[in-house]
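In full-length UniProt numbering, the protein residues as written are 1 to 314. We put the beta carbon where it would ideally sit given N, CA and C, even for glycine. Source: prediction; values computed, not measured.
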Amino acid sequence: MTPLGIGLQYNPEVAEWFPFHESRIDAVEVLLDTVIAPLDSPHVILPDRLAEIDALVAAEPTVIAHSNYGAEFGFEPLERTAAVLRHVPAAQRFGSPWMSDHCFYGDGSWSDLWSSPVQFSRAEVNRLAERASRLQELLGVPLAHENAAYYVPCPGADLAEPDFLAALVEKAGTHLHIDLHNIHTNAVNFGAYTLKSYLDALPLDRVVEVHVAGGSWSGGVYHDWHDSRVPEPVWETLEDLLTRSRPGAVVLEVQGRAHSSHTRELDPHADAELILGDLERAALIWDRVYGPHSRRTTALPAAATTTAGPGEPA
Ligand SMILES: [Fe+2]
């Protein structure tokens, strides 16, 4: 897999004002659930988003497809899910180098579910591995499962969460998308593991993407709302993770009220500063581990890099 570098999630709240086309970002990640057409529509992509998405793909060839609610881990036949009918053709249209999905249950009303973590059990490893393996086959590129933040765990677990993920990718032949802030959120709220113990239990050679984000406290619970700067424990763990694995991209997630009505509205000026600051910090960590010319936007011929300068912010 060709390493891309540092990316930013392209979601409607940020896309309205963040200068994606002027910023030196190595990849953009599109939330498929925000652009796909309903299952009873003849379209794959919503017609009113098509021109925007095609322009994004044309201007930025490294678009990463990301799925939250494909229902591939639900109980409907896989061939009838949004994952197969919408996410696979959309990811192929984008030329996505891999596709990530969440380990959520889901059904036809996918946009109403957040967060519905799967049961961390041996029985579910066997059931889900079969579906994940088939989905990856249809996709034609690596399928990476993202560890979820959740606020109520699914009952009936007989495996620790990272052991479940390790067993799933081993049996399915699929890959990992590590969301460091999701691990941090669950560690803060439940205390069942730490960032380090979680990563130590995983086959890190299967990591193809990493998410970083921030969150907020509300009602005595720490929420993965993507509405603040990336916290220090996540930054500290990112360098360790990059040293022990070789992901294709580290992607920053930033959202406001689309994620929760209890959080703040994003401010185009202040939040552009927040985003650029976190992207730059992520790029500095990436460059420290992999070298100054290891990202898509910095991997230039030697003569060109003399002009551009190493370690230019993403
Ligand atoms: Fe994430």
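| Item | Value |
| --- | --- |
| Would you mind stating whether residue 143 and residue 99 have Cβ atoms separated by less than 8 Å? | yes |
| Ligand 1 and residue 182: does the residue's C-beta get closer than 7 Å to at least one heavy atom of that ligand? | yes |
| Distance, Cα to Cα, residue 16 vs residue 122? | 43 Å |
| Kindly examine ligand 1 and report whether one of its heavy atoms sits closer than 7 Å to the Cβ of residue 293. | no |
| Please classify residue 230 as buried or exposed, where buried requires at least 16 other C-beta atoms within 10 Å of its C-beta. | buried |
| Helix or strand or just coil, what does DSSP make of residue 277? | helix |
| Closest to residue 204 by CA distance: which of 242, 299, 191 is it? | 242 |
| So does the segment 252-262 actually touch the segment 208-226, counting three or more Cβ pairs closer than 8 Å? | yes |
| Whole-angstrom Cβ separation of residue 315 and residue 172, contact assumed at under 8 Å? | Residue 315 lies beyond the residue range present for the chain, which begins at 1 and ends at 314; the question has no answer from this structure. |
| The alpha helix (DSSP H) that contains residue 315, what's its start and end? | Only positions 1 to 314 of the chain appear in the structure, and residue 315 is not among them; the question remains open. |
| Under a three-way DSSP split, which group does residue 283 fall into? | helix |
| What is the rounded straight-line gap between the Cα of residue 5 and the Cα of residue 42? | 36 Å |
| Count the other CB atoms, across all protein chains shown, that sit within 10 Å of the CB of residue 306; report buried if there are 16 or more and exposed otherwise. | Unreliable placement is indicated for residue 306, whose pLDDT of 43 sits below 50; the coordinate value is still reported in the next sentence. That one is exposed. |
| Answer yes if the segment 264-275 comes into contact with the segment 17-26, meaning at least three C-beta pairs across the two stretches below 8 Å, and no otherwise. | yes |
| With ligand 1 as the reference, list in chain order each residue whose Cβ lies under 5 Å from any of its heavy atoms. | 179, 211 |
| Return the bridge partner residues of residue 104 from the DSSP annotation. | 117 |
| Under the three-state reduction of DSSP, which class applies to residue 260: helix, strand or coil? | coil |
| What do you reckon, are the CB atoms on residue 102 and residue 146 nearer than 8 Å? | yes |
| Using a Cβ distance threshold of 8 Å, determine whether the segment 28-37 contacts the segment 78-95, with at least three qualifying pairs required. | yes |
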